[in-house]
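One structure below.
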Ligand SMILES: Cc1cc2nc3c(=O)[nH]c(=O)nc-3n(C[C@H](O)[C@H](O)[C@H](O)COP(=O)(O)OP(=O)(O)OC[C@H]3O[C@@H](n4cnc5c(N)ncnc54)[C@H](O)[C@@H]3O)c2cc1C
């Protein structure tokens, strides 16, 4: 009998976990990977799309290209998850699992921030990034705000990256002097676990005349007065608002019994939920690492090791360390890197690699190596 694994969500976590299980136990595996979309795209490709560096078509990686022993992909929308019976219902059928892995990521709740849909923009979805590619050329002068509306949010460096890339974009168009850029963030520093990365970002902001407003969030936009209302009640006038919308677990999880305080709690050692043989990995969990692809991938490795160990009657050796490296776009065609470690010590730590052309190539390899590993491209 083959092990029936059902993986919900073919993002960073679901793709990595399916790949590992296929490589390690493909001959004993009957894995169904389900996603509502027909293709995957990296989070960072949204920045490429919004600033016109790549067309949206170029960033899609079609699931139809994925051919792996023991794995079949189904493009279906998941409608019900029962973690007790491990039965999953979709718009097209029903799946029973010996082992269920939930890797559904985080969705956005634009309605949480009054005025955001009417008067603002978001660049956290591919559709939002595509819309912004049309909106940005119409921005000629005035105040641009990159504003976080709620925490937690994916990829903590992304708002800083957006502000720095916006500076370059406006400079190239010869209108930077007619524009102000501000960034509103809930943290005291751009990247709290890494003082060196934060210092480098704050220096880059100062050099480019980008105003950093720490420990604040944008709670509403007033469309008639074009004001961003902050959580201390102050109003900031804006002409262009680039928002980071409130994140929430996908709707299908409401009522599943898996969510506590909005996210799925897991055992940090092995990414197991409170339900037997049900794992959760990536942004959908409250494991304690930032919501980022590299952490979803790291969690996938630990969950896969636990699934294989239990199949073979042993126990997985290494617990999840919550380590990961994030590339940071610094503008001026340079990329830096922050290496963070969340669980090894008493508090999270991070180290910083200065922006360089070499790291631009490393970031490209980060993407191309995953495209090759997951899709055989
Ligand atoms: C602007 C931006 C820049 C980023 N830059 C980086 C970066 O440089 N490095 C980095 O590591 N991370 C980055 N990220 C974050 C990264 O994209 C996410 O953290 C990562 O994709 C999370 O992986 P995941 O597997 O948990 O979820 P996801 O990759 O989001 O996958 C979840 C999948 O579940 C599917 N799904 C959800 N609900 C259903 C349903 N009901 N039925 C069927 N399918 C469903 C979705 O379609 C999706 O494919 C960035 C994000 C943004 C927005």
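In my numbering, the protein residues as written are 34 to 410.
For each residue, glycine too, the CB sits at the ideal point set by N, CA and C.
Beyond the five residues adjoining it in sequence on each side, residue 368 comes within less than 7 Å, by CB distance, of 360, 361, 362, 388, 392, 393 and 396 in the same chain, given in chain order.
At a Cβ-Cβ threshold of 9 Å, residue 39 and residue 139 do not count as neighbours. For residue 75, the shortest separation between its Cβ and any heavy atom of ligand 1 lies below 8 Å. By the Cβ rule, the stretch 91 to 111 counts as touching the stretch 63 to 82, because three or more pairs are nearer than 8 Å. Taking the Cα positions, residue 185 is about 26 Å away from residue 166.
According to the DSSP secondary-structure assignment, residue 210 is paired through a beta bridge with no residue.
With respect to residue 282, residue 295 sits close: the two C-beta atoms are nearer than 9 Å. Residue nearest to residue 174 within the set 206, 235, 403 and 276 is 206 (criterion: CA-CA distance). The stretch 212 to 230 and the stretch 243 to 255 touch, with three or more beta-carbon pairs separated by less than 8 Å. Straight-line spacing of the CA atoms in residue 50 and residue 400 works out to 17 Å.
Between the stretch 248 to 262 and the stretch 133 to 153, the count of Cβ pairs shorter than 8 Å is three or higher; the stretches touch.
When DSSP states are grouped into helix, strand and coil, residue 202 belongs to the helix group.
If you check the CB distance, residue 46 and residue 315 come in under 9 Å. In the DSSP assignment, the residues bridged to residue 268 are 262. In this structure, the straight-line span from the alpha carbon of residue 240 to that of residue 364 is close to 12 Å. Here DSSP, grouped into helix, strand and coil, assigns residue 68 to strand. Secondary structure at residue 79: helix, using DSSP grouped into helix, strand and coil. With respect to residue 278, residue 142 sits close: the two C-beta atoms are nearer than 9 Å. A straight line joining the alpha-carbon of residue 197 with that of residue 320 spans about 30 Å.
Per the coordinates, the alpha-carbon of residue 71 lies some 32 Å from the alpha-carbon of residue 343. Counting only residues of its own chain and dropping the five nearest sequence neighbours on each side, residue 164 has a CB closer than 7 Å to the CB of 154. Residue 254 is positioned such that its CB atom lies closer than 9 Å to that of residue 271.
Nearest C-alpha to residue 276 among 192, 42, 328 and 336: 192. If the five residues before and after residue 234 are omitted, its C-beta is found closer than 6 Å to the C-beta atoms of 193 and 223, all from its own chain and listed in chain order. In this structure residue 112 is not in contact with residue 127, their Cβ atoms being roughly 10 Å apart against a cut-off of 8 Å. Contact check for residue 179 and residue 195: beta-carbon distance about 5 Å, within the 8 Å limit, so the pair qualifies.
Taking C-beta separations shorter than 6 Å and ignoring five residues to either side along the sequence, the partners of residue 53 in its chain run 337, following chain order.
The bridge partners DSSP lists for residue 141 are 280. Residue 196 has its Cβ no nearer than 8 Å to any heavy atom of ligand 1. Spatial neighbours of residue 145 in its own chain (CB-CB distance under 6 Å, excluding positions within 5 residues in sequence) are listed in chain order as 279. Among the bridge pairs identified by DSSP, residue 126 is matched with none. A Cβ-Cβ separation of about 34 Å leaves residue 309 out of contact with residue 189 under the 8 Å criterion.
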